[in-house]
Amino acid sequence: MSETYSGEVYCVKCKEKREVTDAVVAENANGRRMAKGTCPVCGTTVVRIMGKKK
Ligand SMILES: [Zn+2]
Numbered sequence: 020m021s022e023t024y025s026g027e028v029y030c031v032k033c034k035e036k037r038e039v040t041d042a043v044v045a046e047n048a049n050g051r052r053m054a055k056g057t058c059p060v061c062g063t064t065v066v067r068i069m070g071k072k073k
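Mapping the sequence shown onto the numbering used here, position 12 (from 1) lands on 31, and the numbers just tick up by one.
1) Just to confirm, is the Cβ distance from valine 28 to valine 60 under 9 angstroms?
2) Do arginine 52 and alanine 42 count as a contact pair if the criterion is CB distance below 9 angstroms?
3) Verify the contact flag: arginine 37, CB atom, against every heavy atom of ligand 1, threshold strictly below 8 angstroms.
4) Of the residues Ile68, Ala54, Cys58, Met69, which one's Cα is nearest the Cα of glutamate 35?
5) If you draw a straight line from the C-alpha of glycine 62 to the C-alpha of serine 21, how long is it?
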């Protein structure tokens with residue numbers, strides 16, 4: 020079961036922050052966590068760098 024993220028993510032296409040829900044949180048090889056979701060306005064994939072778990 021994968022972790023999800025809901026919140027603001029910057030969309031590079033809209034050049035604005037968008038509210039995403041159910042963005043999938045994944046950890047890359049460097050141990051960095053990032054949430055990958057879809058812009059509700061233009062449909063572009065938006066990625067938010069989460070950093071380390073606090
Ligand atoms: Zn967008």
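Each residue gets a CB set at the ideal place from its N, CA and C atoms; glycine is no exception.
In brief:
1) Position 9 of the sequence shown, counted from the first residue, corresponds to residue 28. Position 41 of the sequence shown, counted from the first residue, corresponds to residue 60. Not a contact, by the Cβ cut-off of 9 angstroms.
2) For the purposes of this step, residue 42 is taken as residue 23 along the sequence shown, with counting starting at 1. For the purposes of this step, residue 52 is taken as residue 33 along the sequence shown, with counting starting at 1. Result no, Cβ atoms of alanine 42 and arginine 52 do not sit closer than 9 angstroms.
3) Stepping through the sequence shown from its first residue, residue 37 is reached at position 18. Result yes, Cβ under 8 angstroms from ligand 1.
4) As a first step, residue 35 is located in the sequence shown; it is residue number 16 there, counting from the start. Taking only the C-alpha atoms, the option nearest glutamate 35 is Cys58.
5) Here residue 62 is taken as the residue at index 43 of the sequence shown, counted from 1. Here residue 21 is taken as the residue at index 2 of the sequence shown, counted from 1. Glycine 62 and serine 21 have their alpha carbons spaced roughly 21 angstroms apart.
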